[in-house]
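Trainee: According to the numbering used here, the sequence shown is numbered sequentially starting from 11.
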Amino acid sequence: KENEIEKATKEKDANYKVKESTELDKTVAETTSDRSGVQAELDAVLEYLQKIEEECIAKAETYEDRKARMVAELAGLKEALRVLNEETEGALIQTASLRGVRRHTQA
11 KENEIEKATK EKDANYKVKE STELDKTVAE TTSDRSGVQA ELDAVLEYLQ
61 KIEEECIAKA ETYEDRKARM VAELAGLKEA LRVLNEETEG ALIQTASLRG
111 VRRHTQA
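#1: Quick check on the DSSP output: the alpha helix (DSSP H) that includes E57 runs from which residue to which?
#2: Given 7 Å as the limit, tell me if L56 has its C-beta closer than that to any heavy atom belonging to the ligand GDP.
#3: With DSSP as the reference, label T98 as helix, strand or coil.
#4: Taking only three categories from DSSP, how would you classify A70?
This is the structure:
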(Lines of atoms letter the chains of each structure in order from A and count residues from 1; the text may use other names and numbers.)
(Lines give C-alpha, C1' and ligand atoms only; values in the text may rest on other atoms or scores of the structure.)
Protein backbone atom coordinates (compact mmCIF):
# COMPACT_ATOMS: atom_id res chain seq x y z
CA LYS A 1 0.00 0.00 0.00
CA GLU A 2 2.87 2.39 0.71
CA ASN A 3 4.21 1.85 -2.79
CA GLU A 4 0.90 2.83 -4.32
CA ILE A 5 0.72 5.99 -2.24
CA GLU A 6 4.33 6.87 -3.08
CA LYS A 7 3.70 6.12 -6.75
CA ALA A 8 0.57 8.32 -6.81
CA THR A 9 2.43 11.12 -5.04
CA LYS A 10 5.31 10.98 -7.51
CA GLU A 11 2.91 10.95 -10.47
CA LYS A 12 1.10 14.02 -9.08
CA ASP A 13 4.48 15.76 -8.51
CA ALA A 14 5.52 14.92 -12.07
CA ASN A 15 2.20 16.26 -13.46
CA TYR A 16 2.52 19.48 -11.46
CA LYS A 17 6.13 19.93 -12.53
CA VAL A 18 5.21 19.42 -16.20
CA LYS A 19 2.37 21.91 -15.83
CA GLU A 20 4.66 24.38 -14.05
CA SER A 21 7.33 23.92 -16.73
CA THR A 22 4.77 24.60 -19.46
CA GLU A 23 3.59 27.75 -17.67
CA LEU A 24 7.17 28.91 -17.19
CA ASP A 25 7.93 28.36 -20.89
CA LYS A 26 4.87 30.44 -21.76
CA THR A 27 5.96 33.18 -19.34
CA VAL A 28 9.47 33.17 -20.80
CA ALA A 29 8.07 33.55 -24.32
CA GLU A 30 5.81 36.45 -23.27
CA THR A 31 8.62 38.14 -21.36
CA THR A 32 10.99 37.76 -24.29
CA SER A 33 8.41 39.31 -26.60
CA ASP A 34 7.81 42.15 -24.14
CA ARG A 35 11.54 42.75 -23.83
CA SER A 36 11.92 42.90 -27.62
CA GLY A 37 9.19 45.53 -27.82
CA VAL A 38 10.66 47.58 -24.99
CA GLN A 39 14.15 47.31 -26.49
CA ALA A 40 12.87 48.57 -29.86
CA GLU A 41 11.17 51.49 -28.11
CA LEU A 42 14.34 52.26 -26.13
CA ASP A 43 16.45 52.19 -29.30
CA ALA A 44 14.08 54.65 -30.98
CA VAL A 45 14.16 56.98 -27.97
CA LEU A 46 17.97 56.86 -27.76
CA GLU A 47 18.28 57.60 -31.48
CA TYR A 48 15.92 60.57 -31.12
CA LEU A 49 17.87 61.78 -28.08
CA GLN A 50 21.14 61.62 -30.01
CA LYS A 51 19.62 63.63 -32.87
CA ILE A 52 18.27 66.26 -30.46
CA GLU A 53 21.61 66.51 -28.64
CA GLU A 54 23.44 67.05 -31.93
CA GLU A 55 21.08 69.89 -32.79
CA CYS A 56 20.81 71.52 -29.37
CA ILE A 57 24.13 71.19 -27.61
CA ALA A 58 26.56 73.95 -28.47
CA LYS A 59 29.87 72.72 -29.73
CA ALA A 60 33.09 74.67 -29.31
CA GLU A 61 34.39 75.96 -32.61
CA THR A 62 37.88 74.69 -33.36
CA TYR A 63 40.76 77.03 -34.08
CA GLU A 64 40.91 75.80 -37.67
CA ASP A 65 37.21 76.57 -38.18
CA ARG A 66 37.53 80.05 -36.70
CA LYS A 67 40.64 80.75 -38.76
CA ALA A 68 38.98 79.58 -41.99
CA ARG A 69 35.90 81.70 -41.24
CA MET A 70 38.03 84.77 -40.50
CA VAL A 71 40.17 84.28 -43.64
CA ALA A 72 37.01 84.01 -45.77
CA GLU A 73 35.53 87.10 -44.12
CA LEU A 74 38.76 89.04 -44.64
CA ALA A 75 38.90 88.01 -48.31
CA GLY A 76 35.32 89.19 -48.75
CA LEU A 77 36.09 92.53 -47.13
CA LYS A 78 39.18 93.00 -49.31
CA GLU A 79 37.10 92.29 -52.41
CA ALA A 80 34.44 94.76 -51.29
CA LEU A 81 37.12 97.40 -50.66
CA ARG A 82 38.62 96.78 -54.11
CA VAL A 83 35.21 97.19 -55.77
CA LEU A 84 34.52 100.38 -53.82
CA ASN A 85 37.93 101.79 -54.74
CA GLU A 86 37.34 101.05 -58.41
CA GLU A 87 33.93 102.74 -58.30
CA THR A 88 35.36 105.74 -56.46
CA GLU A 89 38.22 106.10 -58.93
CA GLY A 90 35.76 105.91 -61.82
CA ALA A 91 33.57 108.57 -60.25
CA LEU A 92 36.56 110.84 -59.63
CA ILE A 93 37.73 110.49 -63.24
CA GLN A 94 34.26 111.33 -64.53
CA THR A 95 33.99 114.35 -62.23
CA ALA A 96 37.43 115.62 -63.23
CA SER A 97 36.68 115.31 -66.93
CA LEU A 98 33.28 116.95 -66.57
CA ARG A 99 34.77 119.83 -64.66
CA GLY A 100 37.25 120.30 -67.47
CA VAL A 101 34.43 120.55 -70.00
CA ARG A 102 32.44 123.04 -68.00
CA ARG A 103 35.18 125.55 -67.63
CA HIS A 104 34.65 128.77 -69.39
CA THR A 105 37.50 130.54 -71.02
CA GLN A 106 37.91 134.17 -70.17
CA ALA A 107 38.16 136.45 -73.15
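C-beta atoms are modelled at their ideal positions from N, C-alpha and C, and glycine is treated no differently.
Mentor: According to the structure data:
#1: 12-66
#2: Ligands are entirely absent from the displayed structure, and the ligand GDP is therefore not among its contents.
#3: helix
#4: coil
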